[in-house]
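Beneath this line is the structure, given in structure tokens, with notes to follow.
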Amino acid sequence: MAPVGSVELCYQTFGDPQAEPLLLVMGLGGPMTWWDTELCLQLAGAGFHVIRYDNRDTGRSTRAAGRVRRTDLVRAFVGAPTRAPYSIADLADDAFGLLDHLGIDAAHVAGVSMGGMIAQTMALAAPERVRSLSSIMSTTGRRTVGRQHPSLLPTLVAGRGPAREDYIRGSLAVWRIIGSPRFPQTEEQLRKRAGETWDRGVTRAGVLRQMMAVLTQPDRTRALAAVTAPTLVMHGLADRMVHVSGGRATAAAVPGARATFVEGWGHDLPTVLFPTFTTAIRRNADRAS
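So the number in my numbering is just where the residue sits in the sequence shown, counting from 1, plus 791.
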């Protein structure tokens, strides 16, 4: 556990502590275990000291305060003024705090979805601390790109029962919509991940607070022109959670960004693509030297 301001973050590391640090930032509602252990080991084998962690309001990290109602989400979704309990910038500050706790001045940073938004914000807030940036299935914050498919919102905010099995059933419903059609995961795999997520600690209120941070984030498009870290953009062409236009806009906004778009990849991290992710992140990090 790392004390970071008013919160504590649960984290885990892989590989040689003397290797190049790589901070992995997960997305909405996802604990650090959504960065699969096998992927972390592959990244460690590629020469990184890998750090994964639970964002606030996920896993074993601190639960924040503040209530978010469905009406708040709808207002934020349509762009009406809405107050969020915390922001993407606050989550970026959490990440910097974790690096401080570990005594790391600068790290390679890779973020998925909301984690990509956090990683982009880190590269803008403290460019000297981000050696390279990998923005994976994410977006710039501009409201005209990277939007969720409208059919997703009812599923994402639907009420669920209080039991473990209720959470698993709800998770299956979401992943069946946003998963990769070309790289499908079995129901057994999905149920196992959902069960592990529940066992690490799930709070619906926390997911809604994170969702508000995403919906109220600023448009970083113009600011991203100032990013100096070597930047990798990866996105699936079948992503229904964050439309591929978000990845294309990110690649266009960051000077010198390199982009990879994959046919049939949705909004998940399929096992078969682990070598692809590892190679791409390694090559992008090598550009920093």
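All residues carry an ideal CB built from backbone N, CA and C; glycine is no exception. Here the structure is a predicted model, which is why all the values come from computation and not from measurement.
Is residue i buried or exposed, if buried means 16 or more other CB atoms sit within 10 Å of its CB?
i            : result
residue 1000 : buried
residue 1009 : exposed
residue 874  : exposed
residue 896  : exposed
residue 987  : exposed
residue 984  : buried
residue 1087 : Here the chain has residues from 792 to 1080 only, and residue 1087 is not among them.
residue 811  : buried
residue 807  : exposed
residue 1066 : exposed
residue 1061 : buried
Please report the straight-line C-alpha distance between residue i and residue j, rounded to a whole angstrom.
i            : j            : result
residue 967  : residue 841  : 29 Å
residue 973  : residue 926  : 21 Å
residue 876  : residue 904  : 20 Å
residue 847  : residue 878  : 11 Å
residue 921  : residue 1020 : 7 Å
residue 1024 : residue 885  : 23 Å
residue 856  : residue 977  : 36 Å
residue 1051 : residue 883  : 25 Å
residue 953  : residue 907  : 30 Å
residue 1040 : residue 939  : 15 Å
residue 1057 : residue 917  : 31 Å
residue 1082 : residue 1004 : Lying before the first or after the last residue shown, residue 1082 is absent from the chain, which here runs from 792 to 1080.
residue 991  : residue 851  : 6 Å
residue 1070 : residue 824  : 21 Å
residue 893  : residue 887  : 10 Å
At least one CB of chain D closer than 8 Å to the CB of residue i: is that the case?
i           : result
residue 969 : In the displayed structure, chain D is absent; only one protein chain is listed.
Put residue i into one of helix, strand or coil per three-state DSSP.
i            : result
residue 800  : strand
residue 1045 : coil
residue 811  : strand
residue 892  : helix
residue 794  : strand
residue 1051 : strand
residue 1018 : coil
residue 993  : coil
What are the start and end residues of the beta strand (DSSP E) that includes residue i?
i            : result
residue 1025 : 1022 to 1027
Residue range of the alpha helix (DSSP H) that residue i falls in?
i            : result
residue 829  : 828 to 836
residue 902  : No alpha helix (DSSP H) holds residue 902; the beta strand (DSSP E) holding it covers 898 to 903.
residue 847  : Taken as a continuous stretch (DSSP letters only), residue 847 belongs to no alpha helix (DSSP H), as it is neither H nor E.
residue 1030 : From DSSP, residue 1030 is part of no alpha helix (DSSP H); its letter is neither H nor E.
residue 1073 : 1065 to 1077
residue 862  : 861 to 868
* Contiguous beta strand (DSSP E) assignments of at least 3 residues, all confined to the segment 906 to 982 -> Listed in chain order, they are 921 to 927.
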